[in-house]
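K.L.:
Can you keep this structure in mind? I'll have questions shortly.
Protein chains: 4
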Amino acid sequence: MMTDLFITPKLQTLLPRLRAFMHEEVYPLEKLFLTRPYAELEKNELAALRQKVKSEGLWAPHLPEEEGGMGLNLVEFGQVSEILGTSPLGHYAFNCQAPDIGNMELLHKYASPVLKERYLQPLVAGQIRSCFSMTEPEFAGSNPVRMATRAERVGNQYIINGHKWFTSSADGAAFAIVMAITNPKAAPHARASMILVPLETAGFVHVRRISIMGEEGSGYMSHSEVRYENCAVPVEHLIGNEGEGFKLAQERLGPGRIHHCMRWIGICERAFDMMCRYAAQRELSENTPIAAKQIVQSWIAESRAQINAARLMVLHTAAGIDRKGTHALRVEISTIKFFVANVLMQVLDRAIQVHGALGITDDTLLSFWYRHERGARIYDGPDEVHQYVVARETLKNYGIKI
Amino acid sequence: MMTDLFITPKLQTLLPRLRAFMHEEVYPLEKLFLTRPYAELEKNELAALRQKVKSEGLWAPHLPEEEGGMGLNLVEFGQVSEILGTSPLGHYAFNCQAPDIGNMELLHKYASPVLKERYLQPLVAGQIRSCFSMTEPEFAGSNPVRMATRAERVGNQYIINGHKWFTSSADGAAFAIVMAITNPKAAPHARASMILVPLETAGFVHVRRISIMGEEGSGYMSHSEVRYENCAVPVEHLIGNEGEGFKLAQERLGPGRIHHCMRWIGICERAFDMMCRYAAQRELSENTPIAAKQIVQSWIAESRAQINAARLMVLHTAAGIDRKGTHALRVEISTIKFFVANVLMQVLDRAIQVHGALGITDDTLLSFWYRHERGARIYDGPDEVHQYVVARETLKNYGIKI
Amino acid sequence: MMTDLFITPKLQTLLPRLRAFMHEEVYPLEKLFLTRPYAELEKNELAALRQKVKSEGLWAPHLPEEEGGMGLNLVEFGQVSEILGTSPLGHYAFNCQAPDIGNMELLHKYASPVLKERYLQPLVAGQIRSCFSMTEPEFAGSNPVRMATRAERVGNQYIINGHKWFTSSADGAAFAIVMAITNPKAAPHARASMILVPLETAGFVHVRRISIMGEEGSGYMSHSEVRYENCAVPVEHLIGNEGEGFKLAQERLGPGRIHHCMRWIGICERAFDMMCRYAAQRELSENTPIAAKQIVQSWIAESRAQINAARLMVLHTAAGIDRKGTHALRVEISTIKFFVANVLMQVLDRAIQVHGALGITDDTLLSFWYRHERGARIYDGPDEVHQYVVARETLKNYGIKI
Amino acid sequence: MMTDLFITPKLQTLLPRLRAFMHEEVYPLEKLFLTRPYAELEKNELAALRQKVKSEGLWAPHLPEEEGGMGLNLVEFGQVSEILGTSPLGHYAFNCQAPDIGNMELLHKYASPVLKERYLQPLVAGQIRSCFSMTEPEFAGSNPVRMATRAERVGNQYIINGHKWFTSSADGAAFAIVMAITNPKAAPHARASMILVPLETAGFVHVRRISIMGEEGSGYMSHSEVRYENCAVPVEHLIGNEGEGFKLAQERLGPGRIHHCMRWIGICERAFDMMCRYAAQRELSENTPIAAKQIVQSWIAESRAQINAARLMVLHTAAGIDRKGTHALRVEISTIKFFVANVLMQVLDRAIQVHGALGITDDTLLSFWYRHERGARIYDGPDEVHQYVVARETLKNYGIKI
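Sequence order for the protein chains is A, B, C and D.
Per this note's numbering: the first sequence = residues 2 to 403.
Per this note's numbering: the second sequence = residues 2 to 403.
Per this note's numbering: the third sequence = residues 2 to 403.
Per this note's numbering: the fourth sequence = residues 2 to 403.
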């Protein structure tokens, strides 16, 4: 209802169908997600779930029609992403999970036919997974120009050496797209390139799955530290052109932020629902539910307001990107990043407080999100960097450069 | 740009015209507003300005076309209201200032032809002003059912006795619409009626213009305490039916909140502009403007995000009212009330902090808004009441009544 | 009770006596303060009140015993200042109001016997008032090194030229202590001096009382813009030595912050009391006082916590200054400045919200404080400057200079 | 330095000694704590560490001298607790960890000589551990009067039946002190008693270690769900008298809150140190450390202010308890609970944000605290309950009972 301005004909049937599917097929698996090793779930129930998604024709909803997807624009896919985001299993079940979704997009646009056949097709089919290898522990992630990983061209190969972490989902992935300096003498933004590295390549070293907020995780649900030690790949594994690494990264980030922000809004809506449900049912004393407390009521109201605001801003930005492209909306893209990440943290915090002791257990999803989404205010640029972007662009209108 | 989703054909030419008019005709008068007694301004420059507005065909933009207005829907008038709201003089200059705008609406819909001729027509023409007399000092305004003012029917007259305050703009007004109990034995929400009382009526006592945040004000820019002492008016002065007072008040409030919220957003945009402009120009040391400070940058970014969010929520709500009526959007109407009022206070506070000592003087508009808009979180129901409404309606979906 | 750690023998009888005096003699005048021109009050009731204070032997409690004061240390006077601060009339009634209190201290320590006799004695006696003239409209006040006012030595005179504002209480004052550049070629912090300028001096131009937050004020309760136009004073009017202006200003600020912070805490306690009293008495519906609302309860609790925290921090800092001097406590002095100013704004804001419409009127003191204490986050260095000081000193321990 | 007002002769040598011990002996084990299963650490390094603490005469610093402790009052032990709290291993290493410390106190005061010999002595000696079994999953913990666990007296035994969770450290403990209804017909606060239940008793069922914020934990570092199924213990296992359960729980909570709050302040200081250290060393670009950013500087300053405020409030409250007992300070005890818990969460959040991606990994202690101390705002009564207590007691002075 809230989003009726952004409801297109395609969505009129798709969204209700997705909501029903989540309720019937995805949410019931969450109990297993909370209590069993993820690897088991991935191999069994999630694999079956993905088949079901395929058989229902809902697979990879982000893809263009010519590749078997639904041909949704960003406003449309954003709303799909919100619904999938209501469960930690949603995006993976539909094969539109980060970082694979971004990698598909990159390969689709910039990879050679050979790479497409070898890597994009099985990725689209869900037969393999991939990862994206950019952040380095030695350099602050908020300054993407600083990077030590080198890819030296030797003959018809790139020889890659470097140290990366937060290479998410590397565990079990078939390949990484690696950001590495190929042109060290170029201008700062033109030094790096993106190169596809199959993880079976000699010299690829998986150091560890980094324990994040109490969990090492596994497979898709993990974040790795890796090393590239004289890792050699054919020059054809270059994505786009040499020196275009940052340009491609930027291009990837625009729609990526819409995806993330809408996923966060999905989490918000689920946490909001959990908060209301628990407040309505849990009694403080006979016949007095938690919901009778005025402070809880104000949390419900403030959460409702913030979530509505967040969704409108993100979809409005998505509509702008659909019409005018990422660059024209760069201020809005930075705005939603920090705004929605903060709404997310606040809504989760309130939902936990309403759940009391239960809220800090892993008996509900709240703890998982509280822990793993704390990163939302950090990755892809911390709040402070995005606020700077908004201020910088605003102040240009006042004649100064900051 | 931000609001392009809500730009209609009418607005495409109207908004730029209004913006230009504000810059050329209205903003230049603000210096006088800040330094001279308001009564003088009202009599001279503002009177001339209103003539100019009329001659440009921009008068009373909220009215339906058949009454000489522009026939704007709520989404459209909301955007007009934002632009007018960028100056404290805007709405009055265009004769769409509260409380007159609400009174025009009420009379238009519910008054007898005689009343319309005698009071609505000159009000629309800007020849008289009016006021709205509801709040009573003895009862908390957040509970509109509690009220002591009585209107007893005696023969073909109502004899009104009561004590009111925050009867805004009563000073110099031609009439008040008074909320009074006519049916004391009815259910709480069916006890009050609205009655038009010419202020020349015997028994109407103007007690004082209440000094608000340091200013007693005068005329349109004032808030009065008044008494009705055996104040007798013909029964034909009833607006609508007996016992419909609350119903009419509610009806008045829906669009009224859109008007207010968009006016607040207008203030936000102006304060934001002042903040950026001052930050860009004022130097902390040689060649280091205030805008170079990261905290100021973050204020700019957060303000931008909040204002964008606020506008989208209000216009989205207005669009809903245009399609489905006030009642269907009552949760959203409460949501925007507290959300936007808080954004307003935060944006003003930041703008003042950036201006330093200048910010607390009356040399800029910031102090006026900081003082007079503090009431935004109180009037028409404090934040807490609106949060309760949102929570109450939300929790109905979870099977409980709070 | 809260402050028992800081209660000295002197205070054991003094504080209860002051509290009683405030209740009996000062609070009853506040109604006049809110409704009558301040100049009248000053001339009549306040003059009588000051006589009463003298006759009770409570006059000028900040002075050393040898000058007829009570010989209180900073911890002790701080607690006196809190009690006086509970009324806007308190400090003036006891002749320990800023800026006179700071000027007395300066003259006492650094003025020649002649100046002392001519200016300090009548100031101490309450026969004249004074002002302090530092801030200039052309330069950001947060950088006190930037200043254009010049005092050129010509013969045995200083010829002063400059433009100042926020020269508080200049209206009706007998003299100003003016900060002016005497040594333009010295290092930045050694350029300025403090010079006493009788306001009857030719070339002193009182431009205007600046309207601040809706009020121009008058006399002690005003803030002026002034000009010095070839204003000549004897060189003996120099306070301290040439080039010591900043040093003296810093010295003045340390105890000044304790005075201010404790005054703010006095305001907080009074506003807290008003909030609780109103919440307990004002009914939302029959037999349901505002205090029954959980959100109001949480405001009471949070205000209580913040005020307690603020007082402990300030008195702890005062105790440190008493033992070790201002310089050793410079980090704590900056810490309390921004911490307490923000507590003040929050407590006032909550008290207003609890009072509803009444809270924004000038029928209570809340509006006066809300408006005039907004400057607390700005004057004597905005929050941001004090936060910088704390961070800078902290980070020195980590080997870096910011 | 900050706390010099509270430094007693005993502390003058003790605190520096403890600080040195933490640096030399405890902090070096934290790396193991972060990377190895806790059970291993407990068995090996921690066991050795405890021996070292004993051999240095620092063991169980909370105990009275006659029991081999240091005879510290609450103000003194509070400051010890802060230092121990700077590491997650501190309190356990010194055998003054919750819940054992509270159980020692209870047994010391209220247990029979037999129980003391059998359970208190080995607990004091660190040969066994214990747990406290109060919260029930079926009832909101914020209302301690609601409870279903029953202890029926049958002959000279209590037969206990009930379901508990958050029975912290039950895994591997020798006994629990169980809160159970013994007098169901008494007034609500006189129904429950505390009974010591050896965990080897038939009918004690350890259901699970509850996974909390991503970790199931083990041994001392765990929180269990347990059942009592016809669990029979001798009536001599009653602690205190029948019906005194709540009274004893309250008595336990007063000093317990000082311990917790000072432990939190210890965490704050450590996180603050980590934040400053990282900000000073981590570069955003060549020669520009994170500490150069103004927002980080403001976080440092605000954290410093909040931690100082928190410590002063807690020690001031402890001093009050030392002089006047728990009951007289009940408002202050509630005040510090919510105030300090919120400071803790804010300081941790800022420290994480400064650390960027590293901050969400388990490579530093920040993640552990961020996750496990979220409960600080919930356990022993959520913020909202303590705010209610402060408001309730405050409003009694205004003649109303809420």
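Quick reminder that beta carbons are idealized off the backbone N, C-alpha and C, glycines included.
1) Do you know whose CA, among 85/B, 78/B and 5/B, lies nearest residue 25/B's CA?
2) Given that residue 211/A touches chain D, what residues does it touch there, using C-beta distances under 7 Å?
3) For residue 252/A, which three-state DSSP category applies?
4) Going by DSSP, what residue range makes up the beta strand (DSSP E) through residue 168/C?
5) For residue 328/D, does the count of other Cβ atoms within 10 angstroms reach 16, so buried, or fall short, so exposed?
6) Taking the straight line between their C-alpha atoms, what separation do you get for residue 357/C and residue 35/B?
7) Assuming the contact rule is C-beta atoms closer than 8 Å, residue 371/B and residue 249/B should be a hit. Round their C-beta distance to whole Å, please.
8) Taking C-beta pairs closer than 8 Å, name the residues in chain B that residue 290/A reaches, listed in chain order.
9) Quick one: grab the DSSP three-state call for residue 335/C.
10) In angstroms with no decimal places, state the Cα-to-Cα distance between residue 202/D and residue 280/A.
11) Does residue 195/B come out as helix, strand or coil in the three-state DSSP assignment?
12) Anything in chain A within Cβ reach of residue 380/D, meaning under 8 Å, just list it in chain order.
13) Applying the 10 Å Cβ sphere with the 16-neighbour rule, what's the burial state of residue 69/D?
14) Whose C-beta lies closer than 7 Å to the C-beta of residue 247/D among residues of the same chain, with five residues either side of it excluded?
15) Which two residues bound the contiguous alpha helix (DSSP H) that contains residue 317/D?
16) Mind pulling the chain D residues with CB within less than 7 Å of residue 317/C?
17) Taking only runs that begin and end inside the segment 327–402 of chain C, name each unbroken alpha helix (DSSP H) of 4 or more residues, in chain order.
18) Please confirm whether residue 163/C and residue 151/C have their CB atoms less than 8 Å apart.
19) Taking Cβ-Cβ distances shorter than 7 Å, what residues in chain C pair up with residue 1/A?
20) Determine which residues share a DSSP beta bridge with residue 6/D and list them.
21) What's the C-alpha gap between residue 46/D and residue 65/D?
22) Hey, which unbroken runs of the alpha helix (DSSP H) at 4 residues or more fall wholly within the segment 90–151 of chain A?
23) Is the Cβ-Cβ distance between residue 219/B and residue 172/B less than 8 Å?
24) Would the segment 125–138 of chain C and the segment 169–189 of chain C be scored as touching if the rule is three or more Cβ pairs under 8 Å?
25) With a Cβ-Cβ cutoff of 8 Å, do residue 374/A and residue 221/A count as a contact?
26) Counting only runs of 4+ residues fully inside the segment 15–52 of chain C, write out the alpha helix (DSSP H) ranges in chain order.
27) Leaving out five residues before and five after residue 124/D in sequence, what residues of the same chain have Cβ atoms less than 7 Å from its Cβ?
28) Say whether chain B places a C-beta atom closer than 8 Å to the C-beta of residue 202/C.
29) Once you ignore the five residues that flank residue 135/C on each side, which residues in its own chain have a CB closer than 6 Å to its CB?
30) Mind checking who residue 232/D pairs with in its DSSP beta bridge?
31) Count the other C-beta atoms from every protein chain shown that fall within 10 angstroms of the C-beta of residue 13/C, then say buried if there are 16 or more, exposed otherwise.
32) Taking residue 82/D as part of the alpha helix (DSSP H), name the residues at either end of that continuous run.
33) Quick check on the burial criterion: 16 or more other C-beta atoms within 10 angstroms. Buried or exposed for residue 419/A?
34) According to DSSP, simplified to helix, strand and coil, what is residue 63/C?
35) Along chain D, which residues have their Cβ under 9 Å away from the Cβ of residue 262/C?
36) Could you check where the beta strand (DSSP E) with residue 284/D kicks off and where it finishes?
P.N.:
Reading it off the structure:
1) Among 85/B, 78/B and 5/B, the Cα nearest to that of residue 25/B belongs to 85/B.
2) Within 7 Å Cβ-Cβ: 362.
3) The answer is helix: DSSP assigns residue 252/A an H, G or I state.
4) 158–169 is the extent of the beta strand (DSSP E) around residue 168/C.
5) It counts as exposed.
6) Near 27 Å, if we compare the C-alpha coordinates of residue 35/B and residue 357/C.
7) Between residue 249/B and residue 371/B the Cβ distance is about 33 Å, and since that is not below 8 Å, they are no contact.
8) The contacting residues are 401.
9) Three-state DSSP puts residue 335/C in a helix.
10) Going by the C-alpha atoms only, they are around 37 Å apart.
11) Under the three-state reduction of DSSP, residue 195/B is assigned to strand.
12) Simply 358.
13) Exposed is the call here.
14) Within the same chain, Cβ atoms closer than 7 Å to the Cβ of residue 247/D are found at 145, 190 and 193, the five residues on either side in sequence being excluded.
15) In this chain, the alpha helix (DSSP H) harbouring residue 317/D covers 295–325.
16) Near residue 317/C (Cβ distances below 7 Å), the residues of chain D are 6 and 313.
17) Correct list: 331–356, 358–361, 367–373 and 384–397.
18) Yes; because the gap between Cβ atoms is below 8 Å, this pair is in contact.
19) No statement about residue 1/A is possible, as the shown extent of chain A runs from 2 to 403 and does not include it.
20) In DSSP, residue 6/D forms no bridge with anything.
21) The alpha-carbon separation between residue 46/D and residue 65/D amounts to approximately 28 Å.
22) 91–94, 101–111 and 122–125, all fully within the segment 90–151 of chain A.
23) It is a contact, given that the beta carbons lie within the stated cut-off.
24) Yes: at least three Cβ pairs fall under 8 Å.
25) No. Outside cutoff.
26) As summarised for the segment 15–52 of chain C, the continuous alpha helix (DSSP H) elements at least 4 residues long and confined to that stretch are 28–36 and 39–42, given in chain order.
27) Closer than 7 Å at Cβ, skipping near neighbours: 101, 104, 105 and 131.
28) By this cut-off, residue 202/C is not an interface position.
29) In chain order, 180 place their CB closer than 6 Å to the CB of residue 135/C, counting only its own chain and leaving out the 5 sequence neighbours on each side.
30) Residue 232/D is bridged by DSSP to 161/D.
31) Exposed, since its Cβ has fewer than 16 Cβ neighbours within 10 Å.
32) First-last of the alpha helix (DSSP H) with residue 82/D: 75–86.
33) Lying outside 2 to 403, the shown extent of chain A, residue 419/A is not represented and no answer is given.
34) Correct three-state label for residue 63/C: coil.
35) Correct list: empty, because the minimum Cβ distance to chain D is about 12 Å.
36) 284–286 is the span of the beta strand (DSSP E), which, as asked, contains residue 284/D.
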